[in-house]
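Using the numbering used here, read the sequence shown as starting at 57 and increasing by one per residue. Just so it is clear, CB atoms sit at the ideal spot from N, CA and C, and this is done for glycine as well. Predicted model only: the values in this text are computed from it and were never measured. Take a look at the structure below.
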Amino acid sequence: MNYFLYLFFSLLVLSNIVKAQVLPKPSPRQLNWQQMETTAFLHFTVNTFTNKEWGDGTESEQVFNPTDFDADQIIKTLKNAGFKMAIITAKHHDGFCLWPSKYTTHSVKNSLWRNGKGDVVKDIADACRKYGIKFGFYLSPWDRHEATYGTPAYNNYYKNQLKELLTNYGEVSEVWFDGAKGKNAKDMVYDFNGYWQLVRSLQPKAVLFSDVGPDVRWVGNESGNAGETCWSTITTAGMAPGKADAAYLNTGDPNGKQWIPAETDVSIRPGWFYHEAEDSNVKTGKELVNLYYQSVGRNSLLLLNVPPNKKGLLGKQDAANLSDFRTILNETFKTNLAAGKIPKALTDEQLNTYITLKENQPFIVDFKKDVSFDRALFQENITTGQRNEKALVEYWNGKSWDKLNEFTTIGYKRLLRFPPVTTTRVRITILKAIDPVQLATVGFYKASDKE
Ligand code: FUL
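Here it is in structure tokens:
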């Protein structure tokens with residue numbers, strides 16, 4: 057072979073190997089997190105009693121008085137509805153602490169609730185362990201009560217509180233660092249790196265959420281909408297919590313240098329906290345299922361907020377709608393019509409058993425008889441990264457292939473909804489990919505009538 061041609065081909069081969077090696081991929085803790093799919097947020101504080109969304113920090117501790125607080129009822133309801141983790145607002149922007157922190161008087165210990173002897177965080181953490189779901193907490197960096205806020209001393213205050221929460225409540229699986237801050241708030245230089253190091257050293261299995269990770273990122277809106285295209289990779293350079301481009305976070309970046317998947321946080325009610333006036337506005341099971349398609353079905357994770365009411369319980373309507381949500385999902389995804397018709401690797405629900413598809417190398421699912429379906433599910437083996445950029449699904453109309461759907465990213469999971477089709481065969485073609493796609497799951501389903 058001509059020397060230059062040889063050099064050219066060697067470089068080509070080498071560049072492909074190098075490219076495959078540098079693809080960002082999830083850490084074990086990120087992988088575990090993603091596979092939970094549905095997790096719950098519990099927004100609860102003085103706001104629940106003052107009917108506000110953002111407290112200003114001047115609230116009396118005495119207003120916090122849930123009459124029947126029952127962590128078991130809350131966590132059992134979530135567990136039965138298939139949620140795999142609960143994240144409690146240990147401290148929201150108002151600065152009131154749901155646990156008896158040593159570092160402030162502004163906490164449950166000065167409330168009327170259980171004569172100041174209660175600890176909401178402990179009860180929630182214990183109930184999570186009892187019902188076998190994971191536990192996480194939200195600790196607002198922005199604090200409208202604490203006097204040191206705005207000075208370097210506040211970073212110590214925050215770290216001291218983090219340490220209390222990381223050492224006294226058993227295993228912590230997620231810590232939520234909110235980037236929100238009011239327009240007229242005092243300037244404060246947060247030591248995020250210091251906060252994150254503390255979590256790493258005390259709870260190495262916990263994922264760290266902020267707008268820009270380091271483990272999981274914000275999806276860029278609070279309406280439950282991951283991008284139709286959603287990469288688990290972004291490049292965080294130039295961004296920080298509270299200072300990130302929401303549109304960029306929504307879609308991610310195929311050239312992103314870091315693996316930081318998107319978390320979709322959205323509330324079952326219009327507000328994050330409980331307000332009686334919103335009792336008639338609880339999202340229905342069907343609406344929640346739609347959020348599942350828009351989050352989990354677009355390579356994200358659903359963090360659904362279900363705020364406890366003034367009694368300290370999840371309301372009847374909220375609980376009923378959560379149960380409907382899971383019933384519908386279970387019904388829809390009960391029978392994969394492709395099972396037994398394609399390699400087992402594609403229906404065994406394991407990410408690391410897969411087939412590899414190159415661009416324009418069609419894969420045919422032959423159902424061997426007429427089947428009807430209106431939902432499709434795909435998963436990539438993300439344990440080695442995310443690759444699919446564009447794919448086509450066609451069905452056999454008896455004479456030729458008709459287009460059923462064209463879509464972009466897959467990642468952990470891609471769900472498609474389309475009008476029912478009856479056919480004997482489906483053809484899947486990767487049209488564009490960063491590298492050959494490791495397809496781990498292929499599913500076709502008929503949606504529940506309740507959807
Ligand atoms: C936002 C906060 O300002 C809201 O009150 C809520 O906690 C939401 C999850 O994050 O940034």
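DSSP assignment within the segment 166 to 243 yields the following whole beta strand (DSSP E) runs of 3 residues or more, N-terminal first: 190 to 195 and 230 to 232. Under the Cβ criterion (8 Å, minimum of three pairs), the segment 309 to 320 counts as touching the segment 269 to 276. For I316, DSSP records no beta bridge to any residue. In the assembly as shown, E284 is an exposed residue. Its beta-carbon has fewer than 16 other beta-carbons within 10 Å. Annotation: the segment 319 to 385 contains the following complete segments of the beta strand (DSSP E) (minimum length 3 residues), in chain order: 357 to 361. Annotation: the continuous alpha helix (DSSP H) that includes R85 extends over P84 to M92.
One residue list follows from the rule of a beta carbon closer than 5 Å to any heavy atom of the ligand FUL, given in chain order as D234, A236 and W328.
For A302, the uninterrupted alpha helix (DSSP H) segment begins and ends at A302 to T307. Under the three-state reduction of DSSP output, A489 falls in the strand class. The alpha-carbon separation between V164 and G188 amounts to approximately 26 Å.
If you draw a 10 Å sphere on the C-beta of V255, you find 16 or more other C-beta atoms in it, and that means buried. Using a 10 angstroms sphere on the CB of P326, the tally of other CB atoms stays under 16, which defines it as exposed.
About 13 Å separates the Cβ atoms of Y410 and A489, ruling out a contact at the 8 Å cut-off. Taking C-beta atoms under 8 Å as the contact rule, D150 and V102 qualify, at a distance of about 6 Å.
For secondary structure counted as the beta strand (DSSP E) over 3 or more consecutive residues, the segment 398 to 483 holds these complete runs in sequence order: 411 to 413, 419 to 436, 444 to 452 and 457 to 463. Fewer than three pairs of CB atoms, one per stretch, sit closer than 8 Å, so the segment 389 to 409 makes no contact with the segment 358 to 378. Selection D126, A127, V427 and L448 evaluated against F419 yields L448 as nearest (Cα-Cα). Under the three-state reduction of DSSP, S257 is assigned to helix.
Your pair Y451 and R473 does not check out as a contact, with CB atoms roughly 15 Å apart and the cut at 8 Å. Here N386 is exposed. Its C-beta has fewer than 16 other C-beta atoms within 10 Å.
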